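Number of protein chains: 2
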Amino acid sequence: MGAKKKLKKKIKALKAQLKTAAQPAQGNGVLVSPLAPVDFPDLPAIKGVRLATTAAGVRYSGRTDVMLAVLDPGSVVAGTFTRSATRSASVLDAQTKIAGDGTEGAAILVNSGNANAFTGAAGVASVNALSAAVSQKLGLPATRVFTSSTGVIGEPLPHDRIIAVLDELTVGLSGAALQDAARAIMTTDTFPKGSSTTFEIAGETVTISGIAKGSGMVAPDMATMLVYIFTDAKIARPALQSMLSQQTDRSFNCITVDSDTSTSDMVLLGATGQADMPVIDDATSEAARAFSDALGKVMLDLAHQVVRDGEGATKFVEVSVSGARSDADARKVAMAIANSPLVKTAIAGEDPNWGRIVMAVGKSGAEADRDRLSIRFGPHLVAFQGQVAPSYAEQVGAEYMRQQELVIGVDLRLGVGAATVWTCDLTHRYIDINTDYRS
Amino acid sequence: MGAKKKLKKKIKALKAQLKTAAQPAQGNGVLVSPLAPVDFPDLPAIKGVRLATTAAGVRYSGRTDVMLAVLDPGSVVAGTFTRSATRSASVLDAQTKIAGDGTEGAAILVNSGNANAFTGAAGVASVNALSAAVSQKLGLPATRVFTSSTGVIGEPLPHDRIIAVLDELTVGLSGAALQDAARAIMTTDTFPKGSSTTFEIAGETVTISGIAKGSGMVAPDMATMLVYIFTDAKIARPALQSMLSQQTDRSFNCITVDSDTSTSDMVLLGATGQADMPVIDDATSEAARAFSDALGKVMLDLAHQVVRDGEGATKFVEVSVSGARSDADARKVAMAIANSPLVKTAIAGEDPNWGRIVMAVGKSGAEADRDRLSIRFGPHLVAFQGQVAPSYAEQVGAEYMRQQELVIGVDLRLGVGAATVWTCDLTHRYIDINTDYRS
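Chains as they are written, first to last, in my numbering: chain A, 1 to 439; chain B, 1001 to 1439.
Have a look at this one:
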């Protein structure tokens, strides 16, 4: 197609979009991701946890940008963090504090709009000022105050604006504010993210409710994500930490939007112990397994929601690799596919271009034998033993790619290693969002 | 900015582009990259090398898509190849042949439009059929016939169409056809790529002339590139191979367009030995160093041209990292920056978003200390010791980013490791090109 014809086609498409843009959108004028869940789920309050949000004007105007969560005395907190070598001050601070076994209660203060990352000594000072202010306001040791910041990197955090609203926040604390909290921590997110489950341990109902933010700069090692999960389960801190780490590897570390990893991200899990159950102190006990499974379910749901809100995403893609020499090799292959710009643009174009999958397998660094490789799109076997499958018709693949939820399956037929990761496509809207001056 | 306002702005921009699109374009209707050199360079013929091109209709119509190069008896050939685990049949074939020390002459047959990759037994049969046909036509052993294919992956190569034009090719062989050859091997390239240099060894003028193709699926480990370099220098094969491998690491393995690596790519270097000079058989001799330097110059020029033709590129970016613990660490950091979609979209948006550079340093896996890190944009020191440099004004960075050629400098201040790589920005046009059904 000639350049002129292409441009005319694009203008036509944009004019059509312009019409759609008049439809209901988020408060900030951004369209909601087409992959968003229909509704925000019902998030039951957690005994021993109260939250509040407000607008501190850190960067955004006309929306909430700060949330405070307060956990009653007796609570324990576990955490997992970005592995970035250029972690932000609040991440480094939280990593130090998380190891402490304090049971005086805890507070989590989060702002959006400014990540307070790569801000040198000023960044450390901001974290200390916020911790001290919350500590004083709530009568908690500063070592039990966790802070997170998300947004622009490299600009000093105007922490005074946050301290100025602490009174308002403490007055407003309520068990019912989880959805508001999910909104206050959003940056480029187009919908708030929450998930919850209830289950029984020793005949007693236990609840886990969590919220998350993240839509770009998302890749394993935690990515641009902030996740806060609360439960009334009664769990010793080491067991809680062990289960959180394990489930992070299976959820948030298995998603990628753009292969980029943030400097700021963390998952905090607070357990108030207010459910009437025997304490779990062995991470391998039956009760622990029940808790860990339920936790994993909530975390995977939140992780999938982050992918569904991937910047510019129009397709939700599961990449499932089997038959690798090892699980590590399978993961390498899955991530190479999920991060490949050529694979992701082909998906955006609804092109069943399995040649690009082969390319990604080849570059992954994992052991692969071209002539053993099979590829499937959903239920359709596309390639078998290194060439197009005899049963495959291009039209079937093209039809399949039109779906909004896709599965790419790769079988290396070399061993029993397997891995599944989740990603989205790479579209014009990703470029729009990220070429905008200082998003 | 609201969604409607954004769309209106975009339509306006596209309408402006539409005007420009009326300007002179390539024969295939594609606009030439704004980073293209003004002219194709003058490529002197190489004594002992003849070339020819024609249109075999492998996939494209209305353009040449096959080239044949024939090297006189006495020539030696060296090669470097993609490290993809799913290498194409012609790459595997050439890797076997390249080790042979045959001096009966050599032939190189290249087609564009179809990569003959992941085509199983049919792919091997195509390579063998093409080798046999050229061997018979030219009276050369089949072990001295190298083939390359570039284009779509996973579809059988219609090699009969190429064999059908071999007569025409052999009749048309000429020393002057290097520019035509550079055109015939193009796929999504918007301009043909050539480079040449002449220098003296032992008082005798020696010439190196090379051509290359490649504009997407370009990343270290050779990428979607085909490169053919010819020289009249007299060099023993082991020394030639050693110099080619070394210069590949400094040129083609230091560029990246989209982090994707092709299954098909190779660099072949043929030396005819027809210059009147003593043979170079020691890769560390003075004459060898002179040759290697000249070869490196041609290869780096070709590598830069590949980046300048990066799909959708509007900026040519050098990423220079110093002060790393090791050269390997420096390379990790440089590649993490050069491959980051967030860095590349910020550059496309002319946003001096150094926070994203920090992010990329952090995720690279190399040792880094946030509080020792310095970043510069060209001559402007942006960040120093982990925070914005006192002398830096945002406006200076914004002004700098408007240039077409950019340098991003990172100093880790941990050691003496250094690396430089080259990349381009990530734009809407990259998405256009790659979401097109089966490009």
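Glycine included, every Cβ here is placed at the ideal spot set by N, Cα and C. All figures in this text were calculated on a predicted structure; none of them were measured in a lab.
Give the list of continuous beta strand (DSSP E) stretches no shorter than 3 residues that lie fully inside the region 102-132 of chain A. Counting only runs of 3 or more, we get 106-114.
Check the Cβ of Asp-411(A) against every Cβ in chain B and list those closer than 8 Å, keeping chain order. What Asp-411(A) touches in chain B: nothing, since even the nearest Cβ is about 14 Å away.
Is it buried or exposed for Pro-1192(B), if we count other Cβ within 10 angstroms and need 16 for buried? Buried, because 16 or more other Cβ atoms sit within 10 Å of the Cβ of Pro-1192(B).
Using the Cα positions of Thr-1178(B) and Gly-1273(B), report the straight-line distance between them to the nearest angstrom. Strictly speaking, residue 1178(B) in this sequence is Leu, with Thr absent from that position. Spanning the two alpha carbons is a distance of roughly 19 Å.
Bounding residues of the alpha helix (DSSP H) (the contiguous stretch that carries Lys-332(A)): 327-339 is the span of the alpha helix (DSSP H), which, as asked, contains Lys-332(A).
Identify the continuous alpha helix (DSSP H) that holds Thr-1435(B) and give its terminal residues. Counting along the chain, the alpha helix (DSSP H) containing Thr-1435(B) begins and ends at 1428-1435.
To the nearest angstrom, how far is the alpha carbon of Ala-1271(B) from that of Val-1421(B)? Rounded to the nearest angstrom, the two C-alpha atoms are 28 Å apart.
Taking the alpha carbon of Arg-1372(B) as the reference point, which residue from Val-1388(B), Gly-1362(B), Ile-1408(B), Leu-1412(B) has its own alpha carbon closest? Taking each of Val-1388(B), Gly-1362(B), Ile-1408(B), Leu-1412(B) in turn and checking the Cα distance to Arg-1372(B), the smallest one comes out for Leu-1412(B).
Between the C-alpha atoms of Asn-1353(B) and Ala-1393(B), what's the straight-line distance to the nearest angstrom? Computed Cα separation, rounded: 13 Å.
With a threshold of 7 Å between beta-carbons, can Asn-434(A) be considered close to chain B, or not? For Asn-434(A), a Cβ of chain B is located within less than 7 Å of the residue's own Cβ.
What are the start and end residues of the beta strand (DSSP E) that includes Tyr-997(B)? Chain B is shown only over 1001 to 1439; residue 997(B) falls outside these bounds and no answer can be derived.
Going straight from the alpha carbon of Leu-68(A) to that of Val-152(A), what length do you get? Approximately 20 Å, taken between the alpha carbons.
Would you list the one or two residues that DSSP bridges to Asp-423(A)? In the sequence as presented, Asp is not what sits at residue 423(A); that position holds Thr. In DSSP, Thr-423(A) forms a bridge with Val-317(A).
Pick helix, strand or coil for Gly-397(A), following the three-state DSSP scheme. DSSP places Gly-397(A) in helix when its eight states are reduced to three.
Along the beta strand (DSSP E) that carries Met-1266(B), what are the first and last residues, could you check? Here the beta strand (DSSP E) through Met-1266(B) covers 1266-1271.
Quick check: what's the CA-CA separation for Ala-1022(B) versus Leu-1031(B)? Reliability fails at Ala-1022(B), whose pLDDT of 34 lies under 50, so the model's placement of it is uncertain and no value is given.
Cβ neighbour criterion (16 or more within 10 Å) applied to Asp-1293(B): Exposed.
Which of helix, strand or coil does DSSP assign to Ala-1219(B)? Confidence at Ala-1219(B) is low in this model, with a pLDDT of 47, below 50, so the placement of that residue is unreliable and no value is reported for it.
Applying the 10 Å Cβ sphere with the 16-neighbour rule, what's the burial state of Asp-1369(B)? With a threshold of 16 other beta carbon atoms within 10 Å, Asp-1369(B) falls short and is exposed.
Where do the N-terminal and C-terminal ends of the beta strand (DSSP E) with Asp-411(A) fall, by residue? Taken as a continuous stretch (DSSP letters only), the beta strand (DSSP E) holding Asp-411(A) covers 405-411.
Gly-210(A) and Ser-195(A) closer than 7 Å at C-beta: A contact, by the Cβ cut-off of 7 Å.
In three-state DSSP terms, what is Glu-1168(B)? Helix.
Taking all protein chains shown into account, decide if Val-39(A) is buried (16 or more other Cβ within 10 angstroms of its Cβ) or exposed. At residue 39(A) the sequence reads Asp, which differs from the Val that was named. It counts as exposed.
Are the region 1104-1111 of chain B and the region 1288-1308 of chain B in contact at 8 Å, needing three or more beta carbon pairs? Under the three-pair Cβ rule at 8 Å, the region 1104-1111 of chain B does not count as touching the region 1288-1308 of chain B.
Using the C-alpha atoms, what's the distance from Arg-356(A) back to Ser-1215(B)? Spanning the two alpha carbons is a distance of roughly 15 Å.
Beta-carbon proximity check, Ala-56(A) vs Arg-161(A), cutoff 7 Å: Yes, Cβ-Cβ distance for Ala-56(A) and Arg-161(A) is below 7 Å.
Would you kindly report the start and end of the unbroken beta strand (DSSP E) that includes Ser-1209(B)? Annotation: the continuous beta strand (DSSP E) that includes Ser-1209(B) extends over 1204-1213.
With DSSP as the reference, label Val-1298(B) as helix, strand or coil. Helix at Val-1298(B).
Consider the Cβ of Gln-136(A): report whether some Cβ of chain B lies at a distance smaller than 7 Å. Cβ-Cβ to chain B under 7 Å: no for Gln-136(A).
How would you list, in chain order, the residues of chain B whose beta-carbon sits under 8 Å from the beta-carbon of Ser-84(A)? Within chain B, the residues near Ser-84(A) are Met-1359, Gly-1362, Lys-1363.
Local Cβ density within 10 Å of Pro-341(A), reported as buried at 16 or more and exposed below that: Under this definition Pro-341(A) is a buried residue.
Determine the direct distance from the alpha carbon of Val-66(A) to that of Val-267(A), and round the result to whole angstroms. Taking the straight line joining both Cα atoms gives about 17 Å.
Pull up the distance between the alpha-carbon of Gly-1029(B) and that of Arg-1063(B), whole angstroms please. Residue placement at Gly-1029(B) is flagged as unreliable, the pLDDT there being 49, under the threshold of 50; the coordinate-derived value follows with that caveat. The straight-line gap separating the alpha-carbon atoms of Gly-1029(B) and Arg-1063(B) is approximately 12 Å.
Measuring alpha carbon to alpha carbon, tell me which residue in Ala-121(A), Phe-118(A), Ala-239(A), Pro-379(A) is nearest Ser-320(A). It is Pro-379(A) whose Cα lies nearest to the Cα of Ser-320(A).
According to the neighbour-count rule (16 or more other Cβ atoms, all chains shown, within 10 Å of its Cβ), is Arg-1402(B) buried or exposed? The residue in question, Arg-1402(B), is exposed, as its Cβ has fewer than 16 Cβ neighbours within 10 Å.
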